[in-house]
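**Student:** For reference, the structure I am asking about is given below.
Numbering (our numbering), first residue to last: -17 to 173.
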């Protein structure tokens, strides 16, 4: 059975704009409070929250516009969960005809480990590339690739109590109009 995975970038711009709306609502609350108390400090807080909310809205709009330059780009995996040591096939649908900028897909194993305090960091454990086979169908471009994850690598492990969490990503990146366009998909890998 096939599994469709949406890119991580599909939600970035919307999430930033939602946070901007939350900051805007906080600014309106501060403005309402300042009209009742007439405190100059509250007016300063209002100005800060209002400016920050506008900044977040603009950044979110920029990220969304950057995302829509390429479109949704869903990744379809066959089989739906990748098994270590076995070949899996993937296809990425790009809503542009004759798109020829991506020649390879990068497969990366990440380790998220805890550092001092509540901080965590992501480190690349292993990385390799797979060549794409480009097909043009119905005004869209389909990037097909296949890959076998080596037997000595870790499967996906995001257990709550795990000190080291492992996750796998497929990705590509290219530059268009002096902007770096990147797509990443988290892929499930089991033993």
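Glycine included, C-beta positions come from ideal geometry on N, C-alpha and C.
1. Within 10 angstroms of its Cβ, does residue -4 collect 16 or more other Cβ (buried), or is it exposed?
2. Count the other C-beta atoms from every protein chain shown that fall within 10 angstroms of the C-beta of residue 165, then say buried if there are 16 or more, exposed otherwise.
3. Which residues in the same chain have their Cβ closer than 8 Å to the Cβ of residue 49, if we skip the five residues on either side of it in sequence?
4. Could you tell me whether the region 54 to 69 touches the region 124 to 144, using the rule of 3 or more Cβ pairs below 8 Å?
5. Report the CB separation of residue 168 from residue 151 in whole angstroms; it is logged as a contact under 8 Å.
6. Am I right that residue 147 and residue 94 are in contact with their C-beta atoms under 8 Å? What's the rounded C-beta distance?
7. Could you tell me if residue 28 is buried or exposed, where buried requires 16 or more neighbouring beta carbons within 10 angstroms of its beta carbon?
8. Where do the ends of the alpha helix (DSSP H) carrying residue 156 lie?
9. Expressed to the nearest angstrom, what Euclidean distance is found between the alpha-carbon atoms of residue 185 and residue 157?
**Tutor:** To lay it out plainly:
1. exposed
2. buried
3. -9, -8, -6, -5
4. yes
5. 6 Å
6. 4 Å
7. buried
8. Where residue 156 is concerned, there is no enclosing alpha helix (DSSP H), although the beta strand (DSSP E) it sits in stretches over 146 to 158.
9. The requested residue 185 does not occur in the structure, where the chain is confined to residues -17 to 173.
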